[in-house]
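Chemist:
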Amino acid sequence: GVAAAAADVSRDDAVTRLERRINLMEASFQREISGMKRAGEGLVARNKAIESQLSSLKDETERLQAKVSQLHDKNCRLEAAFRAHVENMHWKYDAPDPPPDRYWIEQGYDYGDEGITDQDYIDCVNRHFFKSAKKQSEKLRYGTFGLAPDDDDTEGLYIGDYKSLIRYDRALLPHWVEFCDSLFDWQFAHFSGTIERTHPFRVYMISIELPSNVLKLLRTCLVRTDLGHVEELDLT
19 GVAAAAADVS
29 RDDAVTRLER
39 RINLMEASFQ
49 REISGMKRAG
59 EGLVARNKAI
69 ESQLSSLKDE
79 TERLQAKVSQ
89 LHDKNCRLEA
99 AFRAHVENMH
109 WKYDAPDPPP
119 DRYWIEQGYD
129 YGDEGITDQD
139 YIDCVNRHFF
149 KSAKKQSEKL
159 RYGTFGLAPD
169 DDDTEGLYIG
179 DYKSLIRYDR
189 ALLPHWVEFC
199 DSLFDWQFAH
209 FSGTIERTHP
219 FRVYMISIEL
229 PSNVLKLLRT
239 CLVRTDLGHV
249 EELDLT
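For the sequence shown, my numbering begins at 19 and goes up steadily by one.
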């Protein structure tokens, strides 16, 4: 009986030790599995971080490429402007001074609106035709036309004003000639391809009477089949 009892105790001890060993092995496996899981989660997080960095680098690269392209276009535009300035260093605006104020009163033009006074019309024709024609002719000749701010990809040439109809008069013709000659010179210069590629522009003729001789001048400097850089011609 004693031997049998001892055998049972020995068997129980062996089973206990085996169970303990199994438990230890299971705990070790669980720790290893948990460690591998944490490592996997870390790799996933690191991979996401790398992907985010790559995306940011791609965006930055595209932004820099766009900036380089803008700088290249701006450089081309400045080079063209410099050439225009050099070629026209000795050019002068040759149209005569505008007639005195009394001249317009003596003409007795119909201003198209009873609310427009003689002085309103005089201010309009002086500001929106004579001064505008001279200023824009000088910009075209001296190379400053086309150097718009970076946030504006077009630039306009404006003659006239919405507030008053400017009647045609022989005093305007020399100024039309200067403006059209300057625009012709700017467009047909040997560097026109540079300007065409980098800077579209618009031309606006607003509330101004255009007789056939002026229209002929405008067509000469603006209308041709291969003219690619006049974006809009508005004769309103």
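By construction, the Cβ of each residue, glycine as well, lies at the ideal position given by its N, Cα and C atoms.
Predicted, not measured: the structure shown is a model, and the values here were computed from it.
Kindly indicate which residue of Glu-44, Arg-237 and Ala-63 has the alpha-carbon position closest to the one of Asp-199.
Modeler: Counting from 1 along the sequence shown, the entry for residue 199 is found at position 181. It is Arg-237.
Chemist: Looking at the unbroken alpha helix (DSSP H) that takes in Asn-231, where does it start and where does it end?
Modeler: For this step, residue 231 is matched to residue 213 along the sequence shown. Segment 230-240, the alpha helix (DSSP H) holding Asn-231.
Chemist: Buried or exposed: which applies to Pro-114, given that a residue is buried once 16 or more other Cβ atoms fall within 10 Å of its Cβ?
Modeler: By 1-based counting over the sequence shown, the position of residue 114 is 96. Its Cβ having fewer than 16 others within 10 Å, Pro-114 is exposed.
Chemist: Counting only the same chain and skipping the five closest in sequence on each side, list residues whose C-beta sits under 6 Å from that of Gly-130.
Modeler: Stepping through the sequence shown from its first residue, residue 130 is reached at position 112. Same-chain partners within the cutoff: Leu-183.
Chemist: Starting from the C-beta of Ser-150, find all residues in its chain whose C-beta is less than 7 Å away, skip the five residues before and the five after it, and write them out in chain order.
Modeler: Taking the first residue of the sequence shown as 1, we reach residue 150 at position 132. Taken in chain order, the residues that qualify are Tyr-176 and Ile-177.
Chemist: Within the same chain, show all residues whose beta-carbon is closer than 7 Å to that of Lys-181, passing over the 5 residues directly before and after it, in chain order.
Modeler: On the sequence shown, position 163 is the one that residue 181 refers to. Sequence-distant partners of Lys-181 (beyond 5 residues in either direction) whose C-beta falls short of 7 Å from its own C-beta, in its chain, are Cys-142.
Chemist: Whole angstroms are fine: how far does the CA of Arg-220 sit from the CA of Glu-249?
Modeler: Along the sequence shown, read from residue 1 onward, the residue named residue 249 stands at position 231. Along the sequence shown, read from residue 1 onward, the residue named residue 220 stands at position 202. Bear in mind that the predicted position of Glu-249 carries a pLDDT of just 45, short of 50, making it unreliable; the figure below should be weighed with that in mind. For Glu-249 and Arg-220, the gap between their C-alpha atoms comes out near 6 Å.
Chemist: Are the CB atoms of Leu-235 and Trp-204 within a distance shorter than 8 Å?
Modeler: Here the question's residue 204 lines up with position 186 in the sequence shown. Here the question's residue 235 lines up with position 217 in the sequence shown. At the C-beta level, Trp-204 and Leu-235 stay beyond 8 Å of one another.
Chemist: For Thr-254, which residues from the same chain have a beta carbon less than 6 Å from its beta carbon, with the 5 sequence-adjacent residues on both sides left out?
Modeler: Along the sequence shown, read from residue 1 onward, the residue named residue 254 stands at position 236. A caution first: Thr-254 carries a pLDDT of 48, below 50, which makes its placement in the model unreliable, though a value can still be read off. Answer for Thr-254: Ile-224, listed in chain order.
Chemist: Helix, strand or coil, according to DSSP, for Tyr-222 in the structure here?
Modeler: Numbered from its first residue, the sequence shown carries residue 222 at position 204. Tyr-222 falls in the strand class under three-state DSSP.
Chemist: Closest by CA to Cys-239, which one among Phe-206, Arg-64 and Arg-81?
Modeler: Here the question's residue 239 lines up with position 221 in the sequence shown. Nearest of Phe-206, Arg-64 and Arg-81 to Cys-239, Cα basis: Phe-206.
Chemist: According to the neighbour-count rule (16 or more other Cβ atoms, all chains shown, within 10 Å of its Cβ), is Ile-40 buried or exposed?
Modeler: Within the sequence shown, numbered from 1, the residue matching residue 40 stands at position 22. The residue is exposed, with fewer than 16 neighbouring Cβ atoms inside 10 Å.
Chemist: Among Ala-57, Arg-185 and Leu-89, which one has its Cα closest to the Cα of Asp-128?
Modeler: The residue labelled residue 128 in the question sits at position 110 within the sequence shown. The shortest C-alpha separation from Asp-128 is found at Arg-185.
Chemist: Taking the alpha-carbon of Gly-161 as reference, which of Ile-134, Asp-119 and Trp-109 has the nearest alpha-carbon?
Modeler: Within the sequence shown, numbered from 1, the residue matching residue 161 stands at position 143. Per the Cα distances, Trp-109.
Chemist: Rounded to whole angstroms, what's the CA-CA distance from Glu-132 to Leu-233? Just pull it up for me.
Modeler: For the purposes of this step, residue 132 is taken as residue 114 along the sequence shown, with counting starting at 1. For the purposes of this step, residue 233 is taken as residue 215 along the sequence shown, with counting starting at 1. If I take the Cα positions, the gap works out to 28 Å.
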